[in-house]
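As structure tokens, the structure follows; a few thoughts come after it.
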Amino acid sequence: MRRLAFYRRPHNSTGFKESVVRMLGKRPMTGSELAEHFGMRLPEFNKKIYQVLIDTKVVKVVATEWAEKEGIRDRIYSIERKAKRLIPPRPKKTIPISLKSLDSITNGMKQKHIDAAKRRAKLIASGEYRDWMG
1146 MRRLAFYRRP
1156 HNSTGFKESV
1166 VRMLGKRPMT
1176 GSELAEHFGM
1186 RLPEFNKKIY
1196 QVLIDTKVVK
1206 VVATEWAEKE
1216 GIRDRIYSIE
1226 RKAKRLIPPR
1236 PKKTIPISLK
1246 SLDSITNGMK
1256 QKHIDAAKRR
1266 AKLIASGEYR
1276 DWMG
């Protein structure tokens, strides 16, 4: 079964939003149809669906106004904005991968390396730089 990309929090309704979105991805459905699919009564479903209706960055589920049919109040649910994968932005700073590189980031070593690179560039431009010079 294909799962949509959601950040899942461990609580009693984990996976409920994914299932609702998967069902609504096929077509708009009424609350009683969805409640029947999940094996619960309509009042229970209406309490649980409230968390799904809250607008998030990933997907937006909307509901129509309450409609009364045969004495039962029900809504039609649909997806307004399709689910999309959210990727956090990459950090701007470099990631230290060893203790040596962490030391070189601190203590003003960055400026020392920039100065050494400028000296190397001058030597290369004049043709005096040799690989063994370091």
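Residues are numbered in the working numbering as their position in the sequence shown, beginning at 1, plus a constant of 1145. Ideal Cβ positions, reconstructed from N, Cα and C, are used throughout, including at glycine. Since the model is a prediction, treat every value here as computed from it, not as a measurement.
If you follow the alpha helix (DSSP H) that residue i is part of, which residue opens it and which one closes it?
i	result
Y1195	1187 to 1198
L1268	1254 to 1271
Just to confirm, does residue i get its C-beta within under 6 Å of one of the non-hydrogen atoms of the ligand ZN?
i	result
S1223	The model on display carries no ligand, and the ligand ZN is accordingly not part of it.
Quick one, which of the options has its alpha-carbon nearest residue i's?
i	options	result
I1221	K1227, L1198, R1275, E1273	L1198
R1230	E1210, R1264, V1203	V1203
A1208	R1186, V1166, M1185, K1257	V1166
Q1196	M1185, Y1274, E1163	E1163
E1181	K1255, D1219, I1269, Y1274	D1219
Which residue marks the beginning of the beta strand (DSSP E) containing residue i, and which one marks its end?
i	result
E1225	1221 to 1226
V1203	Segment: none, V1203 is in no beta strand (DSSP E) and carries neither H nor E.
Looking at the strands, I want to know which residues DSSP matches up with residue i.
i	result
R1218	E1213
S1174	In the sequence on display, residue 1174 carries Met and not Ser. DSSP, once it has assigned bridges, lists Y1222 as partnering M1174.
Less than 7 Å between the C-beta atoms of residue i and residue j, yes or no?
i	j	result
F1161	G1176	no
K1205	R1172	no
I1224	L1169	yes
Establish whether the CB of residue i and some CB of chain B are separated by less than 7 Å.
i	result
D1219	Judged by its chain identifiers, the structure shown contains no chain B, having just a single protein chain.
Report task. Please confirm if the region 1211 to 1220 is in contact with the region 1228 to 1235, defined as three or more CB-CB distances below 8 Å between the two stretches. Result -> no
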